[in-house]
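In what follows, a structure is listed as structure tokens, so that the remarks can point back to it.
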Amino acid sequence: MSSQNIVSPNMEVEIAGVKMKNPVLTSSGTFGSGMEYAEFMDLSRLGAVTTKGIADVPWPGNGTPRVCEVPSGMLNCIGLQNPGVDVFLEKDLPFLRTQDTRVFVNIAGHEPDEYYRVIERLAGVPGIDLLEINVSCPNVKAGGLSLGTDPKVLEEVTRECKKRATQPVMIKLTPNVTDIKVLARACEAGGADAISLINTLTGMKIDVERQTFVLANKTGGLSGPAIHPVAVRLVYEAAQAVSIPIVGMGGIATWEDAVEMMLAGADAVSVGMASFVNPTAAVEIVDGIREYLIRHNIDDVRKLTGAVH
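Shown next as structure tokens:
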């Protein structure tokens, strides 16, 4: 790198062969399919939009109440409510095709066959750049957590997803495990093109005056700044274990959080709960990363990935 000051650093990154204009994308379940946020920001400024979880049929989600605020974060037990893949293809995808950004589709299921049906439905569909397989949601009683915590099952599910997909496959991992490295390696062994982590941590809140659970589901997924240090640690550990790309997420609310995640080993970062508080958080983080590179005279954002290693 030249010793002269960097005026316009390269912000482009590549995840599983998908080239993105910058390393910032949105987290599934926090950004709809982008339409809701388009009035607040230019979606073309994002590296990618990750859709809400899509299932083979409509899911009503869990009962209410299913969201509550906690110190430095929130708990949710939405239960992956979504209108199903047919509505996504009819309504959401046509809108996303009009946006100058990459489209990552998150896929949800209670059991492996449900994932496979969605993957087969999306195979070869134009405008979808990557599939993110959610094997880690702690709110779906029938399967998500168990699929994401058993390395043998995870490897097999990953392999079967890859057989059916025409797009690159990224597996989204749960933090609710003893050793993230074992799960990351299982994904790589199954042929995953990338992994993303972390999903929410399982938590609970009790109303002490009413002496009852705040959430109808009793437990929910904890997200927000409270989980960021855990996410950084797990991304660092996963990066030590695999050679495939990593999208880091969990409590990223500022450009500092994003840079920290990349230094730990992430090739790209995903903004989630912060968008609820500040709808333009993701694009502000893009600007913050660029300014950081300029201040530190770094000519390529990819040089941040794993720098502390």
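Quick note on my numbering: the sequence shown kicks off at 1 and runs consecutively.
Heads up, the beta-carbon is just placed ideally off N, CA and C, and yes, glycines get one too.
Since the model is a prediction, treat every value here as computed from it, not as a measurement.
- In the pairwise beta carbon analysis, the region 61-77 is classified as not touching the region 37-46: fewer than three pairs are separated by under 8 angstroms.
- Spanning the alpha carbons of residue 235 and residue 84 requires a straight line of approximately 31 angstroms.
- A contact is defined here as three or more CB-CB pairs under 8 angstroms, and the region 28-35 meets this definition with respect to the region 263-279.
- The beta carbon of residue 154 sits closer than 8 angstroms to those of 135, 147, 148, 171, 183, 186, 187 and 190, all from its chain and outside the five residues before and after it, given in chain order.
- According to DSSP, residue pairing for residue 231 in a beta bridge does not occur.
- Under the three-state reduction of DSSP output, residue 218 falls in the coil class, being neither helix nor strand.
- In the assembly as shown, residue 22 is a buried residue. Its beta-carbon has 16 or more other beta-carbons within 10 Å.
- Rounded to whole angstroms, the gap between the alpha carbons of residue 13 and residue 297 is 18 angstroms.
- Within the same chain, Cβ atoms closer than 8 angstroms to the Cβ of residue 65 are found at 214, 215 and 216, the five residues on either side in sequence being excluded.
- The beta carbon of residue 166 is closer than 7 angstroms to those of 123 and 124 in its chain, skipping five residues each way along the sequence.
- Shown here for residue 293: same chain residues with a beta carbon closer than 7 angstroms to its own, the five before and five after excluded, namely 6, 9 and 301 in chain order.
- Distance between residue 129 and residue 212, taken at the CA atoms: about 44 angstroms.
- A straight line joining the alpha-carbon of residue 305 with that of residue 78 spans about 33 angstroms.
- Non-local C-beta neighbours of residue 49 in its own chain, meaning closer than 8 angstroms and more than five positions away in sequence, comprise 25, 26, 31, 33, 34, 43, 96, 99, 101, 102, 103 and 104, ordered along the chain.
- 242 is the residue among 152, 242 and 160 whose C-alpha sits nearest the C-alpha of residue 195.
- For residue 149, the secondary structure class from DSSP, reduced to helix, strand or coil, is helix.
- When DSSP assignments are scanned along the region 25-96, the uninterrupted stretches of beta strand (DSSP E) that are 3 or more residues long and fall wholly within it turn out to be 48-50, 67-70 and 73-76.
- Going by beta carbons, residue 82 and residue 55 fall inside the 8 angstroms limit.
- Residue 15 is a Cβ neighbour of residue 267, given a cutoff of 8 angstroms.
- Residue 289 sits in a helix when the DSSP states are folded into three classes.
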